[in-house]
């Protein structure tokens, strides 16, 4: 029973941590009525939109909860500098997360929805956003990386496993792009310390 209790505790903390997983937006600016979103599945080996690989690091952070190391994250921009919130959502940025444990696509979706609820988005907004992301989020294994590249009105998801990096999905909606970024970069994020490190404000 002690072992079962420990397992339940680990699962509970992992669920809490997973609430942060899914890629950032200004709380006030994106609280608008529903919108028309378009998410397209990208081809496996695109030849464009990969300029973010040469961008400079803004900041980095590791998310850990007690004895759990969850992921390492790095924020990039062309100059290594970013604007304040919410202007940051209107400039090119890339948030790259390398996972330190296995996480399922279902956990990604559930965590994203819960974070948006915490940020104050309505269910009318969240439901279509989630339906768009369900066809993009992959299962990840320890060592895999997922990078979200924001280009103001649109965003791209890049997935790297075993050193092979592919564009796996695109979002063509400014509000959804902002809402995804908000999970990490909004002042209302659940993890302000991690946000400060990503923005280069602290180490």
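In full-length UniProt numbering, the protein residues as written are 1 to 203.
Don't be surprised by glycine CBs; every beta carbon is placed ideally from N, CA and C.
How would you call residue 192, buried or exposed, if buried means at least 16 neighbouring beta carbons within 10 angstroms? With fewer than 16 Cβ atoms within 10 Å of its Cβ, residue 192 is classed as exposed.
Have a look at residue 81 and residue 118 and give me their C-alpha separation to the nearest angstrom. One C-alpha to the other measures close to 28 Å.
Does the Cβ of residue 186 have 16 or more other Cβ atoms within 10 Å, making it buried, or fewer, making it exposed? Result: buried.
Which term fits residue 201, buried or exposed, when burial requires 16 or more other beta carbons within 10 angstroms of its beta carbon? Residue 201 comes out exposed.
Relative to the alpha-carbon of residue 208, which residue among 143, 165, 171, 163 has its alpha-carbon at the smallest distance? Absent from the structure is residue 208, since the part of the chain shown begins at 1 and ends at 203.
In angstroms with no decimal places, state the Cα-to-Cα distance between residue 67 and residue 148. Using only the alpha carbons, I get a separation of about 27 Å.
Taking just the CA atoms, how far does residue 103 sit from residue 137? The alpha-carbon atoms of residue 137 and residue 103 are separated by roughly 11 Å.
Local conformation of residue 152 per DSSP, three classes: Taken through DSSP and simplified to helix, strand or coil, residue 152 comes out as coil.
If you run the structure through DSSP and keep just helix, strand and coil, what is residue 136? DSSP, read as helix, strand or coil, puts residue 136 in coil.
Beta strand (DSSP E) segment containing residue 60, residue limits: Counting along the chain, the beta strand (DSSP E) containing residue 60 begins and ends at 56-65.
Cβ-based burial, residue 182 [other Cβ within 10 Å; buried from 16]: With 16 or more Cβ atoms within 10 Å of its Cβ, residue 182 is classed as buried.
Going by other Cβ atoms of all chains shown within 10 Å of its Cβ, with 16 needed for buried, is residue 52 buried or exposed? Burial call: buried.
For residue 33, does the three-state DSSP call read helix, strand or coil? Low per-residue confidence applies at residue 33: pLDDT is 30, beneath 50, and the placement is therefore not dependable enough to give any value.
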